[in-house]
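**Student:**
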Amino acid sequence: MSQSNMFILMVGIPLILSQSTRGKDCVCELQNSDPAFPENKLKNVAFAASKCTGNITSEKMTEIDRLVLGLQHRIWQLLDNVSMLEKEDNGNLYAAVSLRIIELELAEIQDLLDKLKRTTNNYQLLSGQTAAELQVMEETMVELEKFDHTQVMVKQRENQRVKRDLERCKDVLNSTTPAPTLPPGLCGLGRMVNVSGPMTYSLTVYGTSYTFGAWGRDAKPAPGDENKYWLVVLSSGNVHGNFIRQYSSMSTLILGIGPTDTYISSSNPTTNTIQGPNMVMYGNALYYNCYNTYSVCRFNMTTRSVSTVALPNDAGYNSKFPFAHLGATYTYTDMDFATDESGVYVIYATTSNFGNVIISKVETSNPPVFNQTWSTSLHKKTVTNTFMVCGVLYATRYLDKEIEEIFYSYDTNTNEERYDLRIHIKKMQTNIKYMNYNPRDHLLYVYSDAYIVTYETMFQEVH
1 MSQSNMFILM
11 VGIPLILSQS
21 TRGKDCVCEL
31 QNSDPAFPEN
41 KLKNVAFAAS
51 KCTGNITSEK
61 MTEIDRLVLG
71 LQHRIWQLLD
81 NVSMLEKEDN
91 GNLYAAVSLR
101 IIELELAEIQ
111 DLLDKLKRTT
121 NNYQLLSGQT
131 AAELQVMEET
141 MVELEKFDHT
151 QVMVKQRENQ
161 RVKRDLERCK
171 DVLNSTTPAP
181 TLPPGLCGLG
191 RMVNVSGPMT
201 YSLTVYGTSY
211 TFGAWGRDAK
221 PAPGDENKYW
231 LVVLSSGNVH
241 GNFIRQYSSM
251 STLILGIGPT
261 DTYISSSNPT
271 TNTIQGPNMV
281 MYGNALYYNC
291 YNTYSVCRFN
301 MTTRSVSTVA
311 LPNDAGYNSK
321 FPFAHLGATY
331 TYTDMDFATD
341 ESGVYVIYAT
351 TSNFGNVIIS
361 KVETSNPPVF
371 NQTWSTSLHK
381 KTVTNTFMVC
391 GVLYATRYLD
401 KEIEEIFYSY
411 DTNTNEERYD
421 LRIHIKKMQT
431 NIKYMNYNPR
441 DHLLYVYSDA
451 YIVTYETMFQ
461 EVH
């Protein structure tokens with residue numbers, strides 16, 4: 001044989017080797033004993049996956065929720081109109097007109113029921129077809145993975161898992177220690193230096209229908225209510241809400257199981273109706289902006305009674321001094337409410353203070369009264385949200401679609417203002433419509449374009 005030899009090495013693939021001599025060269029003939037890779041099957045899986053993605057969209061997944069909610073509100077409106085007719089029916093023309101309106105509403109409800117039935121049937125058919133297609137795709141991918149002799153796919157999955165673990169470890173190392181557990185009313189947290197998360201991120205049972213709302217936990221719950229969560233969504237053009245929905249736990253909130261609804265007013269707004277997305281729950285009472293007024297409402301969840309206290313008569317309401325950024329104005333956010341270790345605050349602006357932020361402590365009595373008040377130099381329309389921690393007001397601004405920044409603080413204990421904070425919050429949706437700190441678990445509760453989100457606050461002790 002010649003000194004020039006040819007060696008072919010293929011790792012992991014079963015081969016049949018035969019050797020012969022041709023002239024002065026040594027030739028090895030290799031034959032792959034495996035069948036040819038079924039490329040068409042892989043293409044079929046890719047096509048089926050693309051088709052599924054096109055057929056099942058987030059809009060379709062929430063369409064039934066929207067229809068059911070629309071139907072529910074229509075029925076409530078019908079009940080209100082029937083009740084009004086019963087009170088005012090004296091056989092005159094007004095009663096005849098009212099009957100005609102009710103007749104039209106019944107026809108609209110029937111149309112909604114028909115559409116709901118059609119949509120439900122279509123989705124049941126789509127669900128069955130998709131389940132069958134997914135089963136076929138799974139079986140095909142299991143079959144194709146047998147050709148992966150070098151276990152590339154297995155190693156890829158393992159690498160992805162390791163990368164996720166490393167990212168989590170990196171986040172922990174880059175953040176400071178979470179806030180310690182402190183007795184109610186005591187503060188020793190130090191200076192806020194970071195916000196991590198989101199810790200939770202989910203749609204509610206309403207889907208994407210309602211982009212303005214609020215949620216959280218009672219900052220000072222009644223005995224037995226420690227695990228409850230509350231949720232309020234704004235209807236009628238994101239202006240007002242008329243009931244509070246409560247759940248026994250976070251999991252039941254996310255799944256929409258076993259809610260309890262407490263109504264403040266009828267669907268037609270009154271001065272007791274909730275206006276705007278900013279509100280807090282404290283001591284089994286909801287604090288919020290009374291509808292179409294510059295007053296603070298306190299709704300007692302037990303007695304279902306409302307008491308009020310008025311802000312100065314030049315305080316902004318009805319979107320005079322709302323939260324905003326260059327790309328959007330968050331309507332009806334003139335008043336913000338916050339809880340911290342010491343109680344409840346209302347954050348607002350007045351004409352006499354040139355539209356700058358004012359903080360007033362709300363004494364949680366019945367009726368509520370204002371205690372101490374602080375004026376700041378922060379113009380309210382440059383801010384997207386505020387919250388309080390240990391007597392310190394923090395304000396956020398919009399940087400871009402992915403980042404919100406805590407840039408400002410005002411310490412009510414020392415009257416120190418700072419505009420140099422650079423604490424970034426990673427957003428899951430574009431706009432944060434509601435944000436509040438809960439002193440019980442040191443989490444920020446956020447309502448962001450119909451999604452409920454929580455973030456963990458990080459602090460550094462000041463020496």
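At position 274 of the sequence shown the residue is numbered 274 (the UniProt record's numbering), and the sequence of numbers has no breaks.
In this text, a Cβ means the ideal position worked out from N, Cα and C, and glycines have one as well.
1. With hydrogens ignored, establish whether the beta-carbon of A349 is closer than 7 Å to any heavy atom of the ligand FMN.
2. Give me the Cβ distance between K433 and Y294, rounded to the nearest whole Å; I'm assuming they're in contact under 8 Å.
3. Pull the bridge partners of C290 from the DSSP assignment, please.
4. Rounded to a whole number of angstroms, what is the C-alpha to C-alpha distance between A179 and L104?
5. Can you tell me the Cα-Cα spacing of D261 and E456, whole angstroms?
6. Between V142 and N44, what straight-line distance do the alpha-carbon atoms span, to the nearest angstrom?
7. Could you tell me the distance, in whole angstroms, from the CA atom of R418 to the CA atom of Q77?
8. Under 8 Å: do the region 295-307 and the region 354-369 share three or more Cβ pairs, one atom per stretch?
9. Does the Cβ of K117 have 16 or more other Cβ atoms within 10 Å, making it buried, or fewer, making it exposed?
10. Helix, strand or coil for R118, going by three-state DSSP, please let me know.
11. G355 and K381: beta carbons closer than 8 Å?
12. Taking Cβ to Cβ, would you say F459 is nearer than 8 Å to G190?
13. Comparing C-alpha positions only, which one of I358, G258, T271, D400 sits nearest to T373?
14. Looking at the unbroken beta strand (DSSP E) that takes in L399, where does it start and where does it end?
15. Could you please give the first and the last residue of the uninterrupted alpha helix (DSSP H) stretch that includes I254?
16. Is the separation between the beta-carbon of A219 and that of Y282 shorter than 8 Å?
17. Between the region 264-282 and the region 240-251, can you find at least three pairs of beta-carbon atoms closer than 8 Å?
18. Answer yes or no: do V195 and A214 have a C-beta to C-beta separation smaller than 8 Å?
19. At what residues does the beta strand (DSSP E) containing residue 540 begin and finish?
20. For a test of the three-state rule: what should DSSP assign to F212, helix, strand or coil?
21. For V383, does the three-state DSSP call read helix, strand or coil?
22. Per DSSP, which one or two residues make a beta bridge with E417?
23. Starting from the Cα of A310, find the closest Cα among F323, L326, V346 and give me that residue.
24. Count the other CB atoms within 10 Å of the CB of D340; is the residue buried (16 or more) or exposed (fewer)?
25. If you check the beta carbons only, do L71 and I109 fall under 8 Å apart?
26. Does chain E have any CB closer than 8 Å to the CB of I359?
27. With distances taken between CB atoms, is the gap from K320 to D334 smaller than 8 Å?
28. Could you give the C-beta distance for I406 and Y394, rounded to a whole number, given that I count them as a contact under 8 Å?
29. Could you tell me whether the Cβ atoms of Y398 and T384 are closer together than 8 Å?
**Tutor:** Here's the rundown:
1. Among the components modelled here there is no ligand, and therefore nothing to report on the ligand FMN.
2. About 21 Å separates the two Cβ atoms, so there is no contact after all.
3. I274
4. With a pLDDT of only 45 at A179, under 50, the local geometry of the prediction cannot be trusted, and no value is derived from it.
5. 28 Å
6. 14 Å
7. 49 Å
8. Using a Cβ-Cβ distance cut-off of 8 Å, the region 295-307 and the region 354-369 are in contact, since at least three pairs of beta carbons, one from each stretch, lie closer than that value.
9. K117 is exposed by the Cβ-count criterion.
10. helix
11. yes
12. Yes, they are a contact pair.
13. I358
14. Careful: L399 lies outside any beta strand (DSSP E) and carries neither H nor E.
15. For I254, the enclosing alpha helix (DSSP H) covers residues 250-255.
16. yes
17. yes
18. no
19. Since the first and last residues shown for the chain are 1 and 463, residue 540 lies out of range.
20. coil
21. coil
22. Y410
23. Closest in alpha carbon position to A310, among F323, L326, V346, is V346.
24. buried
25. yes
26. Here chain E cannot be found, since the structure has a single protein chain.
27. yes
28. 5 Å
29. yes
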